[in-house]
Ligand code: BGC
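Residue numbers (the numbering used here): 325 to 1072.
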């Protein structure tokens, strides 16, 4: 909803000063941008009548789909639903715009309201973004998303997803940022900061412990307070500090028995009190289960109330306040938080317009990201990079490499840029019209982001003959591999919100395909297009493996650049690749045979998620967290830790290979406690010319080495002797140092 002309004019005026204030300003004093967002919110709130006060606390599913479980929006609202994930009506009389919300973790999600020609830049999965270990790229990815959102008329972006990858089979692993709290918090926080730089509001989600999809609406994720503070909550805390998101989305699941959206501990105590969070809490879609409990526990806005029967925050909240079960001050606080955030993030002063986003530049940014996030896992005999003059016949096999690169499903699904005939076939051809409703993509449809690896590799190879075989008939694929100088096998694992993958094996006969092609051609390269880690029973037989994740609209070009050495790979694993599912804290996925009803998920790994769990169990993974190869070679020299006022380390790194490349110097620290295992406490990514040495400084955040003391309700950095190690992965800890730290208490 657009601002009225009067409000628009007032926004453009300078701050009122005494008698010179314009009539428009004195009529709408909250439009004075010189006042603080809190003051402006109060001035506006003071003008709201009782009915208006309930408008902003109840959102609707904006796409107006006629699906069985959704109550159709009121007839007067139907014409204005914007055809997207969420909509909260504004108050035109007071110049409060509607909140128009788009999912956008990996680009503007547009599959729910697919219209022919409605495409957006498909950014790589956020797990790939995490693999870049480059916070600046996370900011840029966010800026692209925020700008595309704004240019399309949205003012809220439902992004900032950073549940820790405790469960690598979790269907949203690709939408999250890995298993480590520092990496996840930093990268998601920078992405949110980038989004908000475009004057739109970003959420941070799913708060908290929505670490798997099966049973997500009912399961109770159980962790003791200290453990939670030192792992999942620490990731959110770090992200909040970096990104300052305007809204936090509480998750579907229960946490220690209580639904996250009515969880006083999470919302009131941790988020709003301890972290002094000034923004608002909105629910996940259909994640509210009560009025009084949710309102009093700190929920500020019910999203998609039409997912919840008659909803909880419209008439029922009015009644609860009238009955004295919810204090009217609570409603005031909800509104204050929403309005002050709208002012603070500029969505009132700078409402989004509609213009064509800079898609070409955005696609280039998506490509940059993919270039830094694709991980080289194996490169025996330096098979890669391919030499253009030596390779004449290249076989591409499998995973629709003739069409595009696979993307993940669910609410974050982007219908990608690109109007190639293939894309029309897979996207346009997949649109169905529900009776009387809007067009949607059928559930379970796999979308491939163009350009295709076939087109990109053909272009990059210049003279070589590049042939494609779908890989469905293994014999045919083997024949093509035998006739080629090099065989590149693409394998895929599709993940989606709403369901977990049954296991970590590549689906179908893809493992057999890889083994057969590798047996037929010793120069076989495997390109993994997966949501998260997978098992590789064929690994010892394949000389080269690249993990391309869900690489997005720039993915195929980035991959081609890496294959031919125009880009030196520098991605690092943001999550452990276990050697078998037996190594996981839950060898069997909790709730695997779930038939409905409540269940509990306890976490034997506690705060030691991922690589820390394996270290505690003394188990060797297939590939460790933080691992990734390069076409050059790096050497970590000396490590010096300084622990005076702040803790930091200086690490000498040398490129002793023959190509320019980027090294990610990772710093791990181990507290003196007997059962402590190393955890990532900082990193620095540095570009080095051949033969060059650099001393990189890695600042350390002390909370990562501390323990959360629940009785004192603060962090305790114990005094004692700490071990530090610098290396190129969590398993590379040869360069060590120790330092004595003095006891320190740190407030949350
Ligand atoms: C997802 C959220 C998403 C929302 C709106 C929910 O099902 O869990 O991540 O933002 O839908 O589409």
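We put the CB at the ideal spot given by N, CA and C, even for glycine.
Keep in mind that this is a model prediction, so the values were computed, not measured.
Residue burial classification, residue i (beta-carbon count within 10 angstroms, cutoff 16)
i	result
residue 514	buried
residue 706	exposed
residue 554	buried
residue 608	buried
residue 735	buried
residue 1058	exposed
residue 670	buried
residue 918	exposed
residue 911	exposed
residue 419	buried
residue 388	buried
residue 1064	exposed
residue 392	exposed
residue 556	buried
residue 882	buried
residue 597	exposed
residue 375	exposed
residue 651	exposed
residue 1066	exposed
residue 721	buried
residue 1048	buried
residue 1044	exposed
residue 806	exposed
residue 633	exposed
residue 924	exposed
Enclosing alpha helix (DSSP H) for residue i [first to last residue]
i	result
residue 516	505-520
residue 803	798-806
residue 365	361-369
residue 835	834-844
residue 616	616-621
residue 938	935-941
residue 645	639-646
Beta-bridge partners of residue i, as assigned by DSSP
i	result
residue 790	718
residue 870	700 and 851
residue 992	1004 and 1049
residue 374	Beta-bridge pairing links residue 374 to no other residue.
residue 1059	1050
residue 967	971
residue 1018	977
residue 1044	1065
residue 605	572
residue 578	544 and 583
residue 740	444
residue 1039	1032 and 1070
residue 729	773
residue 485	529
residue 611	BP columns for residue 611 are empty, so no partner.
residue 1024	971
Residue span of the beta strand (DSSP E) that contains residue i, given as start and end
i	result
residue 572	571-574
residue 1009	1003-1012
residue 1068	1068-1070
residue 816	810-816
residue 482	480-482
Residue-chain proximity (residue i, chain D), Cβ-Cβ < 8 Å
i	result
residue 577	Structure shown: chain D not included; a single protein chain is present.
Count the CB pairs spanning the segment 593-608 and the segment 564-580 that are closer than 8 Å, and state whether there are at least three.
yes
Does the segment 1024-1036 come into contact with the segment 982-1001, if we say contact requires no fewer than three beta-carbon pairs (one atom in each stretch) closer than 8 Å?
yes
Are the segment 772-784 and the segment 728-744 in contact at 8 Å, needing three or more beta carbon pairs?
yes
Taking contact to mean at least 3 C-beta pairs separated by less than 8 Å, is the segment 658-666 in contact with the segment 623-636?
yes
Give, in chain order, every unbroken run of the alpha helix (DSSP H) that is at least 4 residues long and sits entirely within the segment 516-563.
549-553
Is the segment 710-727 in contact with the segment 805-813, if contact means three or more CB pairs nearer than 8 Å?
yes
List, from N- to C-terminal side, the beta strand (DSSP E) runs of 3 residues or more that fit wholly inside the segment 659-714.
699-703
With a threshold of 8 Å, are at least 3 pairs of Cβ atoms found where one atom belongs to the segment 685-698 and the other to the segment 449-469?
Two segments are said to touch when three or more pairs of C-beta atoms, one from each, lie closer than 8 Å; by this definition the segment 685-698 touches the segment 449-469.
Contained alpha helix (DSSP H) runs [length at least 4] in the segment 388-473, N- to C-terminal order
With a minimum length of 4 residues, the continuous alpha helix (DSSP H) runs that stay inside the segment 388-473 are 450-455.
3 or more residues per run - each beta strand (DSSP E) lying fully within the segment 888-927:
924-926
Could you check whether the segment 957-972 touches the segment 521-540, counting it as contact only if at least three pairs of C-beta atoms, one from each stretch, sit closer than 8 Å?
Segments in contact, no.
Pairs of beta-carbons, one from the segment 978-996 and one from the segment 949-956, closer than 8 Å: are there three or more?
yes
Does the contact criterion of 3 or more C-beta pairs under 8 Å hold for the segment 468-481 versus the segment 858-866?
no
Would you check if the segment 711-725 and the segment 785-797 touch, i.e. whether three or more CB-CB distances between them fall below 8 Å?
In short, these stretches touch, since the Cβ pair count reaches three.
Tell me, please, whether the segment 532-552 touches the segment 486-502 by the rule of three or more beta-carbon pairs shorter than 8 Å.
Short answer: they touch.
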